[in-house]
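Below is one structure; the comments refer to it alone.
Number of protein chains: 2
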Amino acid sequence: METYTNLDSKIINTMRLLSVDMVDKANSGHPGMPLGCAPMMFVLWCKIMKFNPENPLWEYRDRFVLSNGHGCALLYSMLFLLGYNYSLNDLKNFRQIHSKTPGHPEYNKELGIEISTGPLGQGIANGVGMAIASKKKQLNNNIYVMCGDGCLMEGVSYEAASLAGHLGLNNLVVLYDDNGITIDGKTEITFTEDTRTRFLALNWNVLQVQNGDTNIDDIYEKIMIAKKSLDKPTIIFIKTTIGYGSIAAGKSSVHGAPLGQTNTQTLKEYFGFDKTQSFFVDTDVQTYFDELKKHKVLFYNDFNANNKANNNATRTANNISNIINEIDKIKNQEKDYATRESSNIVLKKIAELLPDIIVGSADLAESNKTMVTNTNINKNDFTPKYLHYGIREHAMCSIANGISSYDIIPVVSTFLVFITYCLAPIRMAALSKHRVIYVLTHDSVFLGEDGPTHQPVESLTILRSIPNLLTIRPCDVNEVSGAYQIALDYNVPSAIILSRQTLPNIESTCSLKMKKGAYIVYETNIDEKLELIIIATGSEVHLAIDVAKKIGNTRVVSMPCCELFDEQDSFYKEEILPKNITKMSLEAGSTLGWYKYADYTYGIDQFGESGKIADIKNHFGFSLDKIIEFIKITLF
Amino acid sequence: METYTNLDSKIINTMRLLSVDMVDKANSGHPGMPLGCAPMMFVLWCKIMKFNPENPLWEYRDRFVLSNGHGCALLYSMLFLLGYNYSLNDLKNFRQIHSKTPGHPEYNKELGIEISTGPLGQGIANGVGMAIASKKKQLNNNIYVMCGDGCLMEGVSYEAASLAGHLGLNNLVVLYDDNGITIDGKTEITFTEDTRTRFLALNWNVLQVQNGDTNIDDIYEKIMIAKKSLDKPTIIFIKTTIGYGSIAAGKSSVHGAPLGQTNTQTLKEYFGFDKTQSFFVDTDVQTYFDELKKHKVLFYNDFNANNKANNNATRTANNISNIINEIDKIKNQEKDYATRESSNIVLKKIAELLPDIIVGSADLAESNKTMVTNTNINKNDFTPKYLHYGIREHAMCSIANGISSYDIIPVVSTFLVFITYCLAPIRMAALSKHRVIYVLTHDSVFLGEDGPTHQPVESLTILRSIPNLLTIRPCDVNEVSGAYQIALDYNVPSAIILSRQTLPNIESTCSLKMKKGAYIVYETNIDEKLELIIIATGSEVHLAIDVAKKIGNTRVVSMPCCELFDEQDSFYKEEILPKNITKMSLEAGSTLGWYKYADYTYGIDQFGESGKIADIKNHFGFSLDKIIEFIKITLF
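Top to bottom, those sequences are chains U and S. Going by the working numbering, 593 is the number at position 593 of the first sequence; the sequence numbering is gapless. Going by the working numbering, 900 is the number at position 264 of the second sequence; the sequence numbering is gapless.
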């Protein structure tokens, strides 16, 4: 049995047992991590971090990210005790539907959840994004990330850590729960690298706590050393015992299954608690947190008295509607552009006008046309609006989520086909409704000679299948401007899909009309009988119009954003796509998703070919003649 | 001007200029890498590697992987000179449609292309897979991977390298083209880590060649040291000058654009070549390669005389049809299983019978139910059939592609939602038609309390949008057996999608019928008028039957594999899904792809919820009452 030399360790065990009770009550969850990590969680929040439970949105607060999100029972226990907006009942509803305490942390700053986590490794990259954003906003705060073995094994954390070291993010501190256990057993079955040396090689400070189960002084000292780092991020290896104190301590079995009544009672006895009581917070523990909260509020008031209130949020919001008006002035002109080039024109204007923006690319700035400034963020200067991410698509998109949580708009770019490298953070952005703009160029087989490894065919379907994400494929300058207006206007992520090749301007395109997702861009003379509607996007809109002109009796609908069209009322939908008219989709990619709107589809359901664009067009039947032939044979 | 001290450097410059001529003629491609890497390519193939151009499939050959696939002009030049099945005309057709020389290497062992590459970092992980496969087959050969900065920045290469170090893959040698340049500029703008120390930390040998542009003796010596490694993989940092010899040498501009006539002529003069000649191979160079080929054939004949021919390929093929018969005996029994549990039964049988199989999971063996043996591959023993991949989904799937290239069937597993971590190698498997089996469990929101970060909704649509990939979602034991039979039978990758929750056996399911992708599992009495067809998959099939029984006049079609159904003739399609009957899909996920088959869809087009399965079913309307209500209101 453990004896209490001070209140601290009673508090820690209270946190441990609250977490264990939560998992037991839910009959589902992860007790192993909370038992091991309660001491570091306690030290961090109660002894070190800057925050105010009464104003969780205080901009100057330190940020906490639980990269090993499965351990969230511990975080909810902590936030409850600190006086965030959780009741004991919320803890009892752990993992129940519509509760404040879901199975993994879900982005909700009001509740102290700075970002959604769960998929391993993401949190470290999110933390890197926050650290960059924090430096850009000159908030002089710290970002603390807690993580486990899994987070460090994932490639995304390596990518992000390499960039963090490069940028010298001294405001970032990673607390690594070094418990030597993963789900399948001991880490030694797969993970025997010298992680300390690896992080040293990445230009990080590496510190160690030998006994993270009980030595809270050591944890405190090491975090304080990390806080004082001048030019490097810090990782602290904290040796803990998974399931500390329990019968399954040190075993992988305690990771993801409730202890159960008997084992939990034994554990409570071990910690000197009444084994018959659950969700127990003793009076002295409660008093401690009441005092702590007072202290935090006092500090906050002092801080605000000494610093002018920051109105960044309002400033950004105001600016965005102005910026939308400004970029709406960018219209089709004499010259034809590739849509990636029009994108550059629009993006430059946005970057000029918007203070809180960070544009970047995964080493394809020239190809993605995302260079918008002459200066780049570097370890000595975070005021520029451009960041070179390196060839790190996964980290880039996870970092973007962290940046977005600071109300800075991240614009990140790569080739469309490489969403396969970063779909996890794109999904997380959609789930959490981060306003991230993905600039995805080289949007079809028509990119040419680089061949099928670089030619997307399924990518648009993939993006459109993700809830909350707007996938926008504009066809000319007007629609590119409209695409960015939409992306800025909605509090969700947007993927703007752009061509490598030059596309003709279309007279009838309209940045306003496109906000309904789809609209008519061509129609045969009104006295002709309408026999066919071709629904096209991006590079296929002008082709559809050429086809329509040739065959007559045809309407062309540009549908740059299916998701927005789906949101329109049935009257508008019927106006654009009347039920009784045959419809055909035309898009140089997978047809799977187009049957939702069209009776017939014309697309590409196989991988691409390396070759000249003209040969590729011919091979895949994307020519006037081939399409007209298809229509004549199939439809009429 | 360079002077030739020996034939070697003339050959190297011949390779350089062939590559430059190829890019110039195509007016597209990457001259920078070939100019820098020709010396190491030459040393590797001409001085070190074991192969036979007359039998490119020789099992004991060394393998070469071009992870920086954009430099393939150099590889094609090399293979042409070595006497592989390329003509000078093939080089002249570089990057032209249907040529043997596409813009990035495309898997074709007959042509010396051991694996498709292009997306950066993949090749390193592919090489790790080959090295594992090679040890498993006890071939005693080497795997050589050439890579650039981008490959090392990508997280997938870190994950794979960490596992390679753990497994002590001493047969793996990575030649790192350390040229300090990426597309966006110098690597120092994003990549300043100490990569040497990082690889040391990963348990690799690290060697260095200071002058890779001309010092071929040093390259040779270092590779020979690497070959002798007893227990570690080796990376050789080879300092080169991108675009060596050209006017843009050392600049990022030479990476991805043709030099053009003038610059190429200057370069030819610099190398002492006739500037007016293109695609030039001098007589002494040709003689060298004629001799080399004779020598290689001789070595091959000697080797075969001393070693019995290996009939692995035939053995595997024979076995597979036997195994399909064997697992067909696994049928529905009294007990109900989760399909992940049925999968375990089938997979165990396959692993017992198939010699050339490697099963593994990304640290979720217990959850994925992929534990099939009591022994695991480890650094001292590669004969077991199970490999713990660690929490490295991306590397796992890339490694699987490398394993597959050795005609070993890799079975890799994780949660369905985590395809977002490894979609790049899944796409590459589909593109190259690798027979990889993905075991993807926890296949819907019904996994319960872990919540939306772990609950797939869009994943099935994503997989179905990828060409050449079979996505199979079985509903009970019969169909699980059938799913594996399909996966074993087709030379393409298959994703087998499995439930966490227990599902009832269905009397009418059939492992044979399901091979047509979709078939009837329930039909109201024949004298009733058929009014509705419900198309369902996996966990929704039994629910569909319950609905049909309640409302009458309804057929239920189980459609475990849309891709196979699409391949059936129109007669069968009309038989199963007659045009004039109303159809409705029922699947607990994104509806986007279902309009292809159904007039109405019933699914989940939003992210999930953390909660008890019963609450989730109720919330998303997956109950008998809710579905019947929908049918009555919407359809009739």
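All C-beta atoms in this analysis are idealised placements derived from N, C-alpha and C, irrespective of residue type, glycine included. Since the model is a prediction, treat every value here as computed from it, not as a measurement.
* Report yes or no: do three or more beta-carbon pairs, one from the segment 1123-1131 of chain S and one from the segment 1090-1108 of chain S, lie closer than 8 angstroms? => Yes: at least three Cβ pairs fall under 8 angstroms.
* For S/ARG1071 and chain U, any beta-carbon pair shorter than 8 angstroms? -> no
* Using a Cβ-Cβ distance under 8 angstroms, would S/ASN947 count as near chain U? -> Here S/ASN947 scores only 48 on pLDDT, less than 50, and its place in the model is too uncertain to base an answer on.
* To do: Let me know the alpha helix (DSSP H) ranges lying completely inside the segment 1050-1138 of chain S, each 4 residues or longer, listed in chain order.
  => 1059-1068, 1095-1100, 1113-1125
* U/SER343, enclosing alpha helix (DSSP H) - first and last residue -> 339-353
* **DSSP state of U/ASP599 mapped onto helix, strand, coil** => coil
* Asked: Is the CB of U/ASP90 under 8 angstroms away from at least one CB in chain S?
  -> no
* To do: Spell out whether any CB of chain S is found under 8 angstroms from the CB atom of U/GLY129.
  => Cβ-Cβ to chain S under 8 angstroms: no for U/GLY129.
* Could you tell me the distance, in whole angstroms, from the CA atom of U/MET41 to the CA atom of U/MET78? => Cα to Cα, the separation comes out at about 8 angstroms.
* Asked: Do three or more CB pairs link the segment 1065-1083 of chain S to the segment 1220-1231 of chain S at distances below 8 angstroms?
  -> Yes, the segment 1065-1083 of chain S is in contact with the segment 1220-1231 of chain S.
* S/GLU790 and U/ALA26 closer than 8 angstroms at C-beta -> One thing to note: S/GLU790 has its Cβ no nearer than 8 angstroms to the Cβ of U/ALA26.
* To do: Measuring only between beta-carbons, confirm whether S/PRO738 sits less than 8 angstroms from chain U.
  => yes
* Asked: Taking 8 angstroms as the CB-CB cut-off, is U/PHE191 touching chain S?
  -> yes
* **Selection from S/PHE1243, S/SER1246, S/GLU1199 that minimises the alpha carbon distance to S/LYS1232** => Restricting attention to S/PHE1243, S/SER1246, S/GLU1199, the CA atom closest to the CA of S/LYS1232 is found in S/GLU1199.
* 6 angstroms Cβ shell around U/ASN312 - same chain, five flanking residues per side excluded -> Low per-residue confidence applies at U/ASN312: pLDDT is 49, beneath 50, and the placement is therefore not dependable, though the value from the model is reported in the following sentence. Correct list: empty, nothing qualifies.
* What does S/VAL792 touch in chain U if you count any residue whose Cβ is under 9 angstroms from its own? -> GLY155, HIS394, TYR421
* Can you name, in chain order, every residue of its own chain whose Cβ lies under 8 angstroms from the Cβ of U/MET15, other than the five neighbours on each side? -> PRO34, ALA38, MET41, PHE42, LEU74, SER77, MET78, LEU81
* Asked: When you compare only the Cα positions, how much space is there between U/PHE94 and U/SER28?
  -> 9 angstroms
* To do: Using a Cβ-Cβ cut-off of less than 9 angstroms, give me the residues of the segment 832-854 of chain S that come near chain U, in sequence order.
  => ARG832, THR833, ARG834, PHE835, LEU836, ALA837, LEU838, ASN839
* For S/VAL679, three-class secondary structure by DSSP -> Helix at S/VAL679.
* To do: Classify U/LYS385 as buried or exposed, calling it buried when 16 or more other Cβ atoms lie within 10 Å of its own Cβ.
  => buried
* To do: Verify whether the separation of the beta carbon atoms of U/SER511 and U/THR537 is less than 8 angstroms.
  => no
* Asked: Taking DSSP as the reference, what is the three-state secondary structure of S/ILE855?
  -> Of the three classes helix, strand and coil, the one that applies to S/ILE855 here is helix, per DSSP.
* So who's on the other strand from S/THR818, going by DSSP bridges? -> S/GLY821
* Asked: Applying the criterion that 16 or more other CB atoms from any shown protein chain within 10 Å of the CB defines a buried residue, is S/LYS1215 buried or exposed?
  -> exposed
* Buried or exposed for U/ASN205, please, with buried defined as at least 16 other CB atoms from any protein chain shown within 10 angstroms of its CB. => buried
* is_contact[U/PHE273, chain S] using C-beta, thresh 8 angstroms -> no
* Pull up the distance between the alpha-carbon of S/HIS1070 and that of S/GLN901, whole angstroms please. => 42 angstroms
* Contact set between S/PRO667 and chain A, taken where Cβ atoms lie within less than 9 angstroms -> Here chain A cannot be found, since the structure's protein chains are U and S.
* Asked: Okay, do the segment 794-811 of chain S and the segment 831-850 of chain S touch, 3+ Cβ pairs below 8 angstroms being the bar?
  -> yes
* Measuring only between beta-carbons, confirm whether S/LEU1124 sits less than 8 angstroms from chain U. => Judged by the 8 angstroms Cβ criterion, S/LEU1124 is not in contact with chain U.
* Asked: Cα separation between S/LEU1271 and S/GLU1143?
  -> 28 angstroms
* Asked: Where do the N-terminal and C-terminal ends of the beta strand (DSSP E) with U/ALA536 fall, by residue?
  -> 532-536
* To do: Could you tell me whether any Cβ in chain U is nearer than 8 angstroms to the Cβ of S/THR902?
  => So, not an interface residue.
* To do: State yes or no: is the beta carbon of S/ILE1169 nearer than 8 angstroms to at least one beta carbon in chain U?
  => no
* Asked: Are any of the Cβ atoms in chain S nearer than 8 angstroms to that of U/LYS596?
  -> yes
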